[in-house]
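There are 2 protein chains.
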Amino acid sequence: MKLNGNFQNLEQSYLFVTIAKKVNEYTAAHPENNLIRMGIGDVTLPLAPVVIQAMHKATDEMAKKETFRGYSPDSSGYPFLREAIAGYYQSLGVSVEPGEVFVGDGAKSDVGNIVDIFDNANTILVPDPVYPVYVDTNVMAGRKIAYADANMENGFLPMPEAGQSADIVYICSPNNPTGAVYNRDQLQAWVDYALEREAVILFDAAYESFVSPGLPRSIFEIPGAERCAIEFCSLSKTAGFTGMRCGYTVIKKELAFEGVSVAKLWERRQGSKFNGVNYVTQRAAEAVFSPEGIRQTQEAVAYYKGNAQVMVQAMRDMGLWFTGGENSPYVWFQCPEGKSGWEYFDYLLNEKEIVGTPGEGFGKNGGGCMRLSAFGDTEKTKEAMERIKRG
Amino acid sequence: MKLNGNFQNLEQSYLFVTIAKKVNEYTAAHPENNLIRMGIGDVTLPLAPVVIQAMHKATDEMAKKETFRGYSPDSSGYPFLREAIAGYYQSLGVSVEPGEVFVGDGAKSDVGNIVDIFDNANTILVPDPVYPVYVDTNVMAGRKIAYADANMENGFLPMPEAGQSADIVYICSPNNPTGAVYNRDQLQAWVDYALEREAVILFDAAYESFVSPGLPRSIFEIPGAERCAIEFCSLSKTAGFTGMRCGYTVIKKELAFEGVSVAKLWERRQGSKFNGVNYVTQRAAEAVFSPEGIRQTQEAVAYYKGNAQVMVQAMRDMGLWFTGGENSPYVWFQCPEGKSGWEYFDYLLNEKEIVGTPGEGFGKNGGGCMRLSAFGDTEKTKEAMERIKRG
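Below, the structure written as structure tokens:
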């Protein structure tokens, strides 16, 4: 038996391991520390009351024979949830049918598993820096990967280049880790590029709930996207579902290559390797899309966006170059005095008792940058910014 | 962009679609019918009280900032659950460490996704008839598949054959659909075969809770299995978790090929394409393995096994050749009068108002057989057997 040798080509991910080690060393040496953790990409506010109610109700259904639910009727989700998500798209002015919504256990799973339905000979285009899952899942399949350089010159928003050939294009907007967001014209350029080359865009919209009016939340706001794009969404940041595990993938019925429906292939993949999302979680997700659910979850998003504003103001006060913060829970900035991300990480940890994430962890173009997260407490975020500003 | 062409080689699964169509036609023509559904592989009893309590408690934790849980610390499960599962193995007399247990969202996902860690050039050996996921997930990867014939002569328990070369061997015991269970000597023969050829056994133990004392529940009861086998388990049938989605995969640290740890590869695969099981579900699963949880869930298993006994007795009364029923929720029998599975399906539906599953749906060797499920109501199971026996 031969194991998949492509796994040997994966870069070992030392980023969070190294961070944890350095933080543990610091706290061991300073037991009375006052550390503020801004490295995490995880939410901290509890689930919305309307979601909790739905969970208790669904749990009670599972306790009685008459209302007990076994297997989902479909691995792609109960009709009640697919309809609720289609309704959410309608509220954004985007036409999506329930049958075009595929409920899964999170954007990470769907973004990772989607590679199954593509031929291994395709060339992949991935922005650098970026969320490591895009690269790792394609390395596992032995695919050729090209990089689109994101940097200060293009505001960490790379655009299509004439000579660049690609079959599968990953776009993450708002971007993790940079927080940069594409505008309508920029996304139209990517859609035009994909249509011209018969490429597919994998659009990761996990942070769409942080986008302010005027900028696109969905790739399907862009004409032509229905014929070239797959969109991945998550309730992790929208509704604090990181521990709940629920997301959804949207594939329009127009999306086909050589006459083969992409949605049908994904449905077949999921039907063979997935068995649907937990019933209680599907009811919880349905509650997120109720009017009261949207109101309550947007309160939490507004709280995190308030933290991001505190960080944005501090960046401006210090005159640091940055992206994100306006439409994203992340602020991505150039480290002062030409420091590397790791040098500045050590400085922040040892001198300011703040934990960030060095940009080097997200790709070569992340060097010299730092990511700070707005998912913490407002008072602590303010305190952290004061500490940094004091220099 | 090229789609994965292997998907075109999948056989269209018309089985359950055709069954649903026939049943719908019958109920439309006979609105006052008294149909007994024995085709389903889904549980019908509600979750155990101790599980429901754990779910309410965990839901309340998610409602408060102080006790809220975000991402799992590890995509392979919280330590509390991995320890509980290791403890369950200990109660079977099998030594498994918590770090050798990988919690996932169901055996179907894990059995399907495990193919990622193997090279595509491996030859797969799959019993026929069998659960279709083994074949489909390997067809998607473009692998060569060989079949091990299961039939009346070998009691639907194929054994290794001298000339048969295979790198990856699927074993499902108790088998779905036949209900046949390997004994210790038979599993030892498979382990010896795998060790000799440096093959890996993928052991699907989803129905292990139906196995009576004296027969192996885990492949790791067999000496040498730690060096050649991966075991897949599920709480779906053990604890009625079909709508909850929780299973676990056990890979012993001894399992390695050319010095590469299989567990490490699986961990890396899951770390990139999975983000852990829902927190409430992990707490629910923990409750299953508590002493009270084991008592309560075994009550449900005993109820289903009681139904299976009713079916077994009916098979004996009618003198039909059958397997399963003793250590399995399925009874698999030869249709009377040389009927094909589909002919007998039509007869049972139209003359007896009983829905079964024709064996043809599980592979060519399933022809002329029928699967009946014990997951229904006891009174209805008795009534169904009376109807069949009346002839």
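Chains as they are written, first to last, in the numbering used here: chain A, 58 to 448; chain B, 58 to 448. Using N, Cα and C, we set each Cβ at its ideal position, and we do this for glycine too. A quick note: this is a predicted structure, and the numbers were derived from the prediction, not measured.
| Asked | Found |
| --- | --- |
| Under 7 Å from the C-beta of Leu138 (chain A): neighbouring residues of chain B | Result: empty, since nearest Cβ-Cβ is about 13 Å, beyond 7 Å. |
| contact_flag[the stretch 82-99 of chain A, the stretch 314-321 of chain A] where n(CB pairs < 8 Å) is 3 or more | no |
| Collapsed DSSP secondary structure at Gly304 (chain B) in the structure displayed | strand |
| Near-chain B residues of the stretch 349-366 of chain A - C-beta to any C-beta below 7 Å | none |
| Classification of Met209 (chain B) by the beta-carbon crowding that lies within 10 angstroms, buried from 16 upward | exposed |
| The beta strand (DSSP E) enclosing Arg428 (chain B), as first and last residue numbers | 426-430 |
| Buried versus exposed, by CB contacts within 10 Å (16 or more), Tyr361 (chain B) | buried |
| Among A:Phe402, A:Gly418, A:Met197, A:Val183, the one whose alpha carbon lies nearest that of Ala203 (chain A) | A:Val183 |
| Per-residue contacts from Ile225 (chain A) into chain B (C-beta, under 7 Å) | Met58 |
| C-beta atoms of Pro130 (chain A) and Gly418 (chain A) nearer than 9 Å | no |
| Which residues DSSP lists as bridging Ser291 (chain A), in chain order | A:Gly304 |
| Under 7 Å from the C-beta of Thr75 (chain A): neighbouring residues of chain B | By Cβ distance, chain B contributes nothing, its closest Cβ being about 16 Å from Thr75 (chain A), past 7 Å. |
| Chain-order list of residues whose beta-carbon lies under 6 Å from that of Arg302 (chain A) (same chain, five-residue window excluded) | Asp162, Gly163 |
| DSSP beta-bridge partners of Asp206 (chain A) | A:Asp185 |
| Contact with chain A by Ser166 (chain B), beta-carbon distance below 9 Å | yes |
| Under 8 Å from the C-beta of Phe260 (chain A): neighbouring residues of chain B | What Phe260 (chain A) touches in chain B: nothing, since even the nearest Cβ is about 15 Å away. |
| Closest residue to Asp261 (chain B) among B:Cys290, B:Thr235, B:Asp242, B:Met119 (Cα-Cα distance) | B:Cys290 |
| Own chain partners of Gln245 (chain B) with C-beta closer than 6 Å, once the 5 adjacent residues on each side are dropped | Ile279 |
| Boundaries (first-last residue) of the beta strand (DSSP E) holding Tyr404 (chain B) | Where Tyr404 (chain B) is concerned, there is no enclosing beta strand (DSSP E), although the alpha helix (DSSP H) it sits in stretches over 398-409. |
| Buried or exposed by the 16-neighbour rule on C-beta atoms within 10 Å, applied to Tyr239 (chain B) | buried |
| In chain order, each alpha helix (DSSP H) run of at least 4 residues that lies wholly inside the stretch 104-150 of chain B | 106-118, 136-148 |
| Contact with chain B by Asp185 (chain A), beta-carbon distance below 9 Å | no |
| Residue-level contact to chain A via CB, Ile109 (chain B), 9 Å cutoff | yes |
| Buried versus exposed call for Asn364 (chain B) [16 or more other C-beta atoms within 10 Å across all chains shown] | buried |
| Thr299 (chain A): contacting residues in chain B (beta-carbon distance under 7 Å) | Gly127, Tyr128 |
| Sequence-distant residues of the same chain with beta carbon closer than 8 Å to Val168 (chain B), five excluded per side | Val190, Tyr191, Thr194, Leu259, Asp261, Phe289 |
| Contact check, Val345 (chain A) vs Thr295 (chain A), beta carbons under 9 Å | yes |
| Members of the stretch 237-270 of chain B that neighbour chain A once the beta carbon cut-off is set at 9 Å | Ala251, Arg254, Glu255, Ala256, Val257 |
| Residue interval of the beta strand (DSSP E) (run including Gln391 (chain B)) | 387-391 |
| Classification of Ser275 (chain A) by the beta-carbon crowding that lies within 10 angstroms, buried from 16 upward | buried |
| Neighbourhood of Tyr83 (chain B) by C-beta distance below 6 Å, restricted to the same chain and skipping five residues each side | Leu406 |
| Presumed contact (8 Å Cβ cut-off) between Pro273 (chain A) and Tyr250 (chain A), rounded CB distance | No, Pro273 (chain A) and Tyr250 (chain A) are not in contact; Cβ-Cβ is about 16 Å, not under 8 Å. |
| Rounded straight-line distance, which links the Cα of Glu118 (chain A) to that of Thr124 (chain A) | 5 Å |
| Tyr360 (chain A) (DSSP reduced to helix, strand or coil) | helix |
| Stretch pair the stretch 393-400 of chain B + the stretch 419-435 of chain B: three plus CB contacts closer than 8 Å | yes |
| Closest by C-alpha distance to Leu214 (chain A), when choosing among A:Asp242, A:Asp224, A:Ile174 | A:Asp242 |
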